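Reviewing the structure listed below.
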Amino acid sequence: MCKPWVMAADIDFLPRGACSIAASLELVGERWSLLVIREVAWGNHRFSDIVRGTGAPRDRLAARLSALVAAGVLEKRPYSDSPPRSGYHLTAAGRDLLPVLQALLQWGDRWARDEPAVRLSHAPGGTAEHPIDAEWVCRTCGRPVMESRVSRELTPAGRALAGLPITEEHAHEH
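The structure is reproduced here in structure tokens:
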């Protein structure tokens with residue numbers, strides 16, 4: 110049975126940046142980062158193509174690409190020896206961001222744009238194209254979470270970061 114949406118009182122004490130959302134935003138929360146990931150996901154692997162697709166200033170784009178490679182979101186693969194050139198490709202961590210981009214696209218279509226500029230779909234096994242949706246779904250029951258209630262609880266790691274005691278009860282949660 111799902112519990113109502115609750116804010117555990119001890120979550121208020123979680124240090125700034127300890128939340129996984131905050132940590133994620135440190136890596137990919139800057140505008141150019143997500144646009145770079147979009148471009149690479151859409152097949153633009155060369156620096157010049159990414160510049161053209163994002164409109165980012167070249168120096169800022171170079172910094173973002175370096176940071177995304179260092180964070181393991183992108184990897185560089187050589188495509189030319191003379192002159193030496195490399196393209197950028199998504200790693201597993203980068204591919205795991207694709208549903209995030211889809212959710213932002215859907216949100217933007219609904220709340221930030223009058224008319225969608227792009228729609229994404231897939232055609233499994235050569236069948237007709239199917240629209241793609243980003244949806245928050247319970248892994249256990251398969252129901253959309255928006256219709257359910259959600260509870261939050263600090264994990265032992267979160268309790269340690271917040272400087273809270275990890276009781277015997279909390280030690281066996283994972």
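Counting in our numbering, the sequence shown runs from 110 upward without gaps.
By construction, the Cβ of each residue, glycine as well, lies at the ideal position given by its N, Cα and C atoms.
Keep in mind that this is a model prediction, so the values were computed, not measured.
Item: Considering only their Cβ atoms, is the gap separating residue 150 from residue 229 smaller than 7 Å?; Value: no
Item: On the criterion of 16 or more Cβ atoms from any shown chain inside 10 Å, does residue 216 qualify as buried, or is it exposed?; Value: exposed
Item: Just verifying my parser: in three-state terms, what is the DSSP assignment at residue 148?; Value: helix
Item: Over what stretch of residues does the alpha helix (DSSP H) that includes residue 175 continue unbroken?; Value: 167 to 179
Item: What is the C-beta distance between residue 195 and residue 187, in whole angstroms, given that I count them as a contact (C-beta under 8 Å)?; Value: 5 Å
Item: Beta-carbon within less than 7 Å of residue 141's beta-carbon, same chain only, minus the 5 sequence neighbours each way: which residues are those?; Value: 163, 165, 169, 170 and 173
Item: First and last residue of the beta strand (DSSP E) that includes residue 193?; Value: 193 to 199
Item: Distance check for residue 128 and residue 267, CA to CA, integer angstroms please.; Value: 8 Å
Item: Hey, residue 145 and residue 130 are a contact pair by Cβ (cut 8 Å); roughly how many whole angstroms apart?; Value: That belief does not hold up - the Cβ atoms of residue 145 and residue 130 are roughly 20 Å apart, past 8 Å.
Item: Within 10 Å of its beta-carbon, does residue 134 have 16 or more other beta-carbons around it, so buried, or fewer, so exposed?; Value: exposed
Item: Can you tell me the Cα-Cα spacing of residue 148 and residue 154, whole angstroms?; Value: 8 Å
Item: Less than 7 Å separating the beta-carbons of residue 136 and residue 180?; Value: yes
Item: What are the residues that DSSP puts in a beta bridge with residue 134?; Value: Residue 134 pairs with nothing; no bridge assigned.
Item: Excluding sequence positions up to five away, which residues of its chain have a Cβ less than 7 Å from the Cβ of residue 253?; Value: 244, 245 and 246
Item: What's the gap between the Cα of residue 274 and the Cα of residue 259?; Value: 24 Å
Item: Confirm the yes/no value for this check: CB of residue 271, any heavy atom of the ligand FMN, distance under 6 Å.; Value: By its list of ligands, the structure shown contains no ligand whatsoever, and the ligand FMN lies outside what it can speak to.
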